[in-house]
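Numbering follows numbering that gives the first Met the number 0, with no gaps: position 4 of the sequence shown is 3. Quick reminder that beta carbons are idealized off the backbone N, C-alpha and C, glycines included. No experiment lies behind these values; they were computed from the predicted model shown. Here is the structure we will look at.
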Amino acid sequence: MRRFALLAVVSAAVVFVAPGAAGAGHAWFTSWAQSQDGRADAPVTSQSLRMVIHLGQGGDAVRVRFQNTFGTGSLTIGHATAGPSAGGAAVSFTRDLTFAGRPAVTIPAGGEVWSDETRLATRPDADLAVTMAVEGTAVPGRHGAALRDNYLTPPGSGDHTGDAAGDAFTSTVGSTYVVSAVDVHNAALRGVVVPFGSSVVDGIGSTNCGPGCTESGANRRWTDDLARRMVASGVPLAVANAGVSGTTSARSCPAMPPSVAGLDASSRLDRDVLALHGVTAVIYYYGTNDLAYGCDAATILDSYRAVFARLRAAGIAVYVTPSTPRPGYSDQANLARHEIALFVGRWNTCGGTCSGVVDFDTVLADPLKPNSILPAYDNGDGIHANAAGQQALADFVSLPMLARSGPDLHTMG
């Protein structure tokens with residue numbers, strides 16, 4: 000296994016390595032993100048992990064966030080690389096990633112680190128592979144719904160971060176391990192839109208493109224479709240997804256399962272939104288699980304106001320979607336959903352507490368059964384949109400509205 004004498008050790012606080020010449024000015028923008036929501040099902044031991052991520056916008060350099068938020072102990076990365084994906088586990092070539100100039104880093108449980116900038120040209124709507132060699136044994140943090148395959152070499156196989164071929168990566172996982180965000184350096188960009196919410200933001204249903212469909216299911220979330228619209232329309236914004244399935248806006252609801260405790264909107268806000276770079280707007284899609292878990296409208300709206308206030312104080316525009324249909328709701332939950340919709344729609348600004356409304360409820364609702372999803376958009380569970388519904392959601396979002404959210408950029412590099 001490849002070993003290094005130099006090893007950077009980071010504390011549980013965020014470590015950010017200042018960029019060099021390529022990072023001068025306000026030109027770093029988060030072009031992809033997946034929020035960590037738990038731990039891997041099994042430990043990794045002296046092996047390499049290749050995570051394939053999909054950039055909405057490209058640039059002339061990258062830097063990568065590695066997180067150990069939910070790890071059970073320290074995670075040592077002996078070597079890491081990034082390079083254009085060539086399909087499956089293969090890459091076209093690799094570039095070394097460093098940490099404060101060093102090739103290796105140890106991240107304690109609860110910690111994270113951003114890599115130094117690496118000169119690497121990337122394109123919009125393209126896959127980038129980030130590969131890391133884990134030393135020793137660790138249970139890494141992960142994002143559960145990658146909605147694509149990622150790749151691991153066998154335990155004990157050591158450092159394969161420089162491999163262009165994917166032959167050494169003999170197993171797949173449906174989660175994204177350790178890597179949680181990628182920035183691109185691109186002086187032409189003007190901001191980042193962060194969709195923030197639960198499973199509808201996370202993209203559940205997007206891999207279902209309908210009966211007889213043979214198209215690939217990857218990268219068909221409405222957030223991916225929105226990023227492609229921006230590129231096609233020349234809108235200089237990136238999209239960074241901050242969805243976590245099963246989560247709520249409110250901190251606690253009567254029937255909330257233990258698996259999502261501590262993953263509410265307020266608890267995730269700093270880590271999953273405010274820590275990203277170039278954020279100008281948030282699309283807030285929360286409430287469906289709150290209602291399912293027994294929260295009332297007053298509790299949900301209190302959580303909305305608290306999060307909106309923090310975002311607006313940071314100079315970030317907040318666009319809110321009312322809770323969308325769910326046939327399993329009780330009558331009381333549907334009354335609460337109506338009350339939330341009235342609040343969001345008031346003056347088209349949540350009564351002056353948000354910047355505007357993105358009414359996904361109008362897109363998804365069946366006009367004949369308004370508490371149900373339109374059959375053509377239903378993934379089959381009555382809750383999530385299929386690929387056609389995902390595209391319809393993306394097409395509904397106003398690009399001029401999002402473009403007006405700058406230029407008061409937050410957390411710039």
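Measuring alpha carbon to alpha carbon, tell me which residue in the options is nearest residue i.
i    : options                : result
W113 : Q35, V61, R141         : V61
L273 : C208, V133, R309       : R309
M131 : T93, A120, V172, T80   : T80
T246 : A305, S258, L236, P235 : S258
L268 : A312, G157, G350       : A312
N218 : E134, Y176, V200       : V200
D95  : A125, G86, A280, G82   : G82
A431 : E111, V129, Y328       : In this structure the chain extends from 0 to 412, so residue 431 is not present and cannot be described.
G77  : V51, V133, F342        : V133
M255 : G277, D295, L341, V357 : D295
T75  : R49, H53, V138         : V138
C208 : G379, A125, S170, H276 : G379
V234 : S198, L119, W346, P123 : P123
G204 : L392, R403, P399       : L392
F98  : T352, G109, G87, D115  : D115
G242 : R220, S251, G293, A260 : R220
G57  : L127, V51, S73         : L127
R118 : D59, R228, G173        : D59
S232 : S397, I52, V51, P42    : S397
Y150 : A120, G87, V178        : G87
V177 : P107, I339, M229, A85  : P107
A386 : G173, S73, T206, F69   : T206
A120 : R304, G109, S91        : S91
H159 : F342, R345, R49        : R49
G452 : T361, V281, S354, P42  : Beyond the ends of the chain as shown, which are 0 and 412, falls residue 452; an answer cannot be given.
G293 : H142, C353, R403, L334 : L334
S179 : P253, S322, R270, G355 : R270
I413 : G314, H142, S73        : The structure shown does not extend to residue 413, since the chain spans only 0 to 412, so no value can be given for it.
A85  : V343, D365, S404, A125 : A125
G314 : L236, V281, R250       : V281
Taking the CB atoms as reference points, tell me whether residue i and residue j lie closer together than 8 Å.
i    : j    : result
C262 : D36  : The sequence shown places Leu at residue 262, not Cys. Yes; because the gap between Cβ atoms is below 8 Å, this pair is in contact.
G140 : N240 : no
Y318 : G196 : no
F359 : F395 : yes
G55  : V193 : no
T175 : Q33  : yes
I382 : R325 : yes
L367 : Y376 : no
G161 : T93  : yes
R38  : E111 : no
S329 : S248 : no
S244 : S170 : no
G277 : L188 : yes
V357 : T320 : yes
I339 : S322 : yes
F475 : L275 : As shown, the chain starts at 0 and ends at 412. That puts residue 475 outside it, with no answer to give.
T352 : R403 : no
If residue i sits next to residue j, beta carbons under 8 Å apart, how far is it from one beta carbon to the other, in whole angstroms?
i    : j    : result
T136 : T44  : 4 Å
T222 : G202 : 7 Å
T152 : S266 : Not a contact, Cβ separation roughly 34 Å.
T279 : A316 : 7 Å
Taking DSSP's pairing of strands, which residues face residue i in a bridge?
i    : result
T93  : Its beta-bridge partners do not exist; DSSP assigns none.
F69  : Note: F69 sits in no beta bridge, so no partner.
Y150 : R49, T171
W346 : W346 is not bridged to any residue.
L225 : None, per the DSSP bridge assignment.
L74  : I106
S84  : V90
T287 : Note: T287 sits in no beta bridge, so no partner.
A125 : L54
R64  : W113, A180
I372 : A364
T29  : D182
T136 : T44
M131 : L48, A79
P194 : I282
State whether the region 181–200 contacts the region 24–35, with contact taken as three or more CB pairs (one from each stretch) at a distance under 8 Å. yes
The region 99–109 / the region 146–159 touching (three or more Cβ pairs under 8 Å): no
At least three beta-carbon pairs within less than 8 Å, the region 222–237 to the region 159–166: no
Inter-stretch contact (C-beta, 8 Å, three-pair minimum) for the region 284–292 and the region 367–376: The answer is no - the region 367–376 does not touch the region 284–292, with fewer than three Cβ pairs under 8 Å.
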